[in-house]
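Here the working numbering is used: the first residue of the sequence shown is 8, the next is one more, and so on.
Heads up: the structure comes next, in structure tokens.
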Amino acid sequence: MYRIGIGYDVHRLEEGYRLVIGGVEIPYPKGLKGHSDADVLVHAICDAILGALSLGDIGEHFPDSDDRFRGISSLILLKEVNRIVNENGYRVVNVDSTVVAQRPKLSPYKEEMRKNISEVLGISINSVSVKATTTEGLGFEGREEGISAQAVALLKKL
Ligand SMILES: Nc1ccn([C@@H]2O[C@H](COP(=O)(O)O)[C@@H](O)[C@H]2O)c(=O)n1
Ligand SMILES: C[C@@]1(CO)OP(=O)(O)OP(=O)(O)OC[C@H]1O
8 MYRIGIGYDV
18 HRLEEGYRLV
28 IGGVEIPYPK
38 GLKGHSDADV
48 LVHAICDAIL
58 GALSLGDIGE
68 HFPDSDDRFR
78 GISSLILLKE
88 VNRIVNENGY
98 RVVNVDSTVV
108 AQRPKLSPYK
118 EEMRKNISEV
128 LGISINSVSV
138 KATTTEGLGF
148 EGREEGISAQ
158 AVALLKKL
């Protein structure tokens, strides 16, 4: 028995914040604003996995009104999502994702992102795909006001 889910997230890009994507801290003058470390990619993946089992979304599990999650690494949230999935009798088979960012260039960091995510999920790095695209300068990502990410996840019954 297989289940599939989709996730999408957006965070504002502003000076004075760290830029953490896929668990990698990227040197850049601007970063993503959020209650946690604002890791837009990991948030989209969490939502894709939760969505596959109709288990709600990241905000329901980790409310931004809860101080326990302030500044937290989103990889810790992903680990908890994976635990919930296992508890419900499923495992993640593979994840595909796209980060939409005009800048910075993400290619140098994609392998490390895949490694971080695959290690947390306990699956092969070949089962985690991270892609990046610009919007050719169009829209909020193109104006560098924010970064978005989309993900899909396939789950299989244990
Ligand atoms: N932030 C980004 C955006 C894109 N890339 C890589 O560049 C390729 C071309 O991007 P286009 O938006 O012009 O199609 C894309 O396929 C990625 O490999 C990137 O590394 N970081
Ligand atoms: C992760 C949480 C919790 O710290 O906060 P943010 O970093 O603001 O991220 P968001 O994508 O708005 O989703 C859920 C939140 O409750």
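Backbone N, C-alpha and C fix where the C-beta goes; we use that ideal spot for every residue, glycine too.
It should be emphasised that the depicted structure is a prediction, and the values quoted were computed from it without experimental measurement.
Problem - Reference residue 29, options 121, 93, 23 and 17, closest by Cα - result: The shortest Cα separation from residue 29 among 121, 93, 23 and 17 belongs to 121.
Problem - Whole-number beta carbon distance between residue 12 and residue 83, since they are thought to touch under 8 Å - result: That pair is no contact at about 20 Å.
Problem - residue 52 to residue 91 span [Cα, whole Å] - result: Each residue's Cα considered, the two are about 14 Å apart.
Problem - Rounded distance between the beta-carbons of residue 97 and residue 62, thought under 8 Å - result: Not really, about 10 Å apart at Cβ, beyond 8 Å.
Problem - Meets three-Cβ-pair contact criterion under 8 Å: the segment 37 to 44 and the segment 17 to 28 - result: The way I'd put it, the segment 37 to 44 does touch the segment 17 to 28; three or more beta-carbon pairs between them come closer than 8 Å.
Practice task
Give me every residue whose Cβ sits closer than 5 Å to any heavy atom of ligand 1, in chain order.
Solution key: Look at which beta carbons fall closer than 5 Å to any heavy atom of ligand 1; those residues are 108, 112, 113, 114, 139, 140 and 141.
Exercise for the section: Starting from residue 128, follow the alpha helix (DSSP H) in both directions and report where the run begins and ends. Expected result: Counting along the chain, the alpha helix (DSSP H) containing residue 128 begins and ends at 117 to 128.
Practice task
Determine the extent of the alpha helix (DSSP H) in which residue 138 is found, giving its start and end residues.
Solution key: Counted as a single uninterrupted DSSP element, the stretch harbouring residue 138 is not any alpha helix (DSSP H) but the beta strand (DSSP E) occupying residues 135 to 140.
Handout entry: Residue of 10, 19 and 14 minimising C-alpha distance to residue 146
Key = When 10, 19 and 14 are compared, the shortest CA-CA separation from residue 146 is found for 19.
Handout entry: Assigned exposure category for residue 167 - 16 Cβ within 10 Å defines buried
Key = No answer is possible for residue 167: it lies beyond the span of the chain, which begins at 8 and ends at 165.
Exercise for the section: Go ahead and pull the three-state DSSP assignment for residue 158. Expected result: Three-state DSSP puts residue 158 in a strand.
Exercise for the section: Report yes if the C-beta distance between residue 4 and residue 46 is below 8 Å; otherwise report no. Expected result: It is not possible to answer for residue 4, since the shown part of the chain is limited to 8 through 165.
Handout entry: Distance cut-off 7 Å: residue 70 Cβ against heavy atoms of ligand 2
Key = Residue 70 Cβ: within cutoff of ligand 2.
Handout entry: Contacts around residue 134, its chain only, beta-carbon distance under 6 Å, and the 5 residues preceding and following it disregarded
Key = Cβ neighbours of residue 134 beyond the five flanking positions: 101.
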